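First residue of the sequence shown? That's 1 in full-length UniProt numbering, and the numbers climb one at a time after it. All C-beta atoms, glycine included, are put in the ideal place defined by N, C-alpha and C. Just so it is clear, the structure is predicted and the values come from calculations on it, not from any experiment. Working notes, beginning with the structure itself.
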Amino acid sequence: MQKLDRRMFLFTGSLRNQSFASPTFLMTGIPGLEGRSTWLAILFCSVYAAAILGNSIVILVVAMAPSLHKPMYLFLSMLAGSELGVSLSTLPTVLSVFLFDAREIGMDACLAQMFFIHCFSIMDSGVLWAMALDHFVAIYNPLQYGTILTNSRIAKIGFGIAMRSFILMTPLPFLLKRLPFCRVNVLPHPYCLHSNLIWFPCADTTVNSRCGMFIVLSTFGLDSLFIVLSYVMIVKTVLGIASKEGRLQALNTCVSHICAVLVYYVPMIGVAMAHRFSKHASPLLYSVMANLYLLVPPVVNPIVYSIKTKEIRMALSRSFFRKRFF
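Here it is as C-alpha cells:
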C-alpha cells in the first residue's frame, strides 16, 4: 500500500505540470490484493488464454464445418466474435497492470479502449437477443425456419448489430475529449469504462451522463426486454405442444442460451448495483464484480455451448482427429 501511495503522490505531482488537454489516468488492480500480483497475473493470464482459445475454436469450427452453417451456429459464431473482441480490448491494460505494474494510460488510449469495450459489449447483448429470436422461430414455425432466417438475413442482422454499436458509441469519446480534467484520475479497474471516466472532469457532465444512460436503455434495456418477450412466446408455444417429450425437447434447445443470458446479465446487474451503492459497498466487491462482468462470459459460453450442443462436439471431434491422424 505504501508503494501505491507513493506512486499516487508522484502521479499527482506530475499532473501539476501536465496539460489538461491530455490527462493521464492511473489504473488500479484489485484493492487489498496488491501483494499477490504474481498469483493474480497467473490467474488473469489463464482466464484470457481460455477465453481467446475457446472463442477462436468456436469461430473456426463453425466456419470450417458446412453442417454448422445454420442460423443457430452462425449466431453463436457472432457471439464468440464479440466476446473475443471484449477479451482483446481489456487484455493489454489488465496484463500490463498485473504483470509489469504499469498503471498509467493516456487519454487517447483510454478513450479507444473504452470505445471498443463498450462496442463489443453492446454487440454481445444484441447477439443474445438475436439468438432468442432464432430459438423462437425454430420452435414456433420449424417448417419455415430455414426460409425465414436465411443466410442473407442473418448477415443483415449481424451487420445491423455491429453498426448499432458503432453509431451509438461514437459520440462518447468526443464528449469526454472536450472536457477539462484537473484532478487525480485514479480508475477503479485496470481498464477504462465510461461510467468511471465521467467521474473526473472538472466540468458539468450532465450531457455525458444522459448520453450514456440513453445508450444503456436503448441497447441493454431493449435487448433484455426483447429476450424476455421472446421467452414468454417460447413458453406459450411450448405449452401448446401435445407430447411431453416434444415440450422437453423444445425447452432443451434453449438451455445453452439461457445460461449465456444469465452469465452475461447477472454480473452486469451486480456491477450496476455495486455502482449504485458504491458509498456503502466494499471497493473489493465492486472490483471483483466488474472483472466478472467482462471476463466470465467469454470463458464460460464456449464451454457451455461445446458441452450442451451435440453438433459442435461432433465437429470438434472430427477436426481434432482429422488433424491428429491425417
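Report task. For Leu91, collect the residues of the same chain with a Cβ closer than 7 Å to its Cβ; drop the 5 residues on either side in sequence, then sort them by chain order. Result -> Counting only Cβ-Cβ distances below 7 Å, and skipping sequence neighbours, we find Tyr48.
Requested in this report: Would you mind sorting Ser218 into buried or exposed? The rule is 16 or more other CB atoms within 10 Å of its CB.
Outcome: It is exposed - the Cβ of Ser218 has fewer than 16 other Cβ atoms within 10 Å.
Query - Cα-Cα separation between residue 328 and Phe44, rounded to whole angstroms - result: The requested residue 328 is not part of the displayed model; the chain covers only 1 to 326.
Query raised in the report: How big is the Cα-Cα spacing for Thr24 and Met123?
Result: Thr24 and Met123 have their alpha carbons spaced roughly 29 Å apart.
Query raised in the report: Going by other Cβ atoms of all chains shown within 10 Å of its Cβ, with 16 needed for buried, is Glu83 buried or exposed?
Result: The residue in question, Glu83, is buried, as its Cβ has 16 or more Cβ neighbours within 10 Å.
Query raised in the report: Using a Cβ-Cβ cut-off of 6 Å (strictly less than) and excluding sequence neighbours within five positions of Gly270, which residues of its own chain qualify?
Result: Here the set comprises Met289.
Requested in this report: Please report how far the alpha carbon of Phe115 lies from the alpha carbon of Val261, in whole angstroms.
Outcome: Those two C-alpha atoms are separated by around 23 Å.
Query raised in the report: By how many angstroms is the C-alpha of Pro31 removed from the C-alpha of Val97?
Result: If I take the Cα positions, the gap works out to 13 Å.
Requested in this report: Work out the CA separation of Ala80 and Val300 for me, nearest whole Å.
Outcome: Linking Val300 to Ala80 through their CA atoms gives a straight-line distance of about 11 Å.
Query raised in the report: In its own chain, which residues sit with a C-beta less than 6 Å from the C-beta of Thr237, not counting the 5 before and 5 after it?
Result: Result list for Thr237: Ile139 and Tyr140, in chain order.
Query raised in the report: How about the region 235-253 and the region 203-222: do they share at least three Cβ pairs that are nearer than 8 Å?
Result: No, the region 235-253 does not touch the region 203-222.
Query raised in the report: Roughly how many whole angstroms lie between the Cα atoms of Lys310 and Ser165?
Result: Put simply, the backbone Cα of Lys310 is about 32 Å away from that of Ser165.
Query raised in the report: Could you give the residue range of the beta strand (DSSP E) that holds Ile105?
Result: First-last of the beta strand (DSSP E) with Ile105: Glu104 to Gly106.
Report task. Spatial neighbours of Leu316 within its chain, please: CB distance less than 8 Å, with the 5 preceding and 5 following residues excluded, ordered by chain position. Result -> Taking Leu316 as the centre and dropping the five residues before and after it, the same chain places the C-beta of Ile57, Val61 and Ser306 closer than 8 Å to its C-beta, in chain order.
Query raised in the report: Should Phe120 and Ser77 be called a contact, given that it needs their Cβ atoms to be closer than 8 Å?
Result: The Cβ-Cβ distance between Phe120 and Ser77 does not fall below 8 Å.
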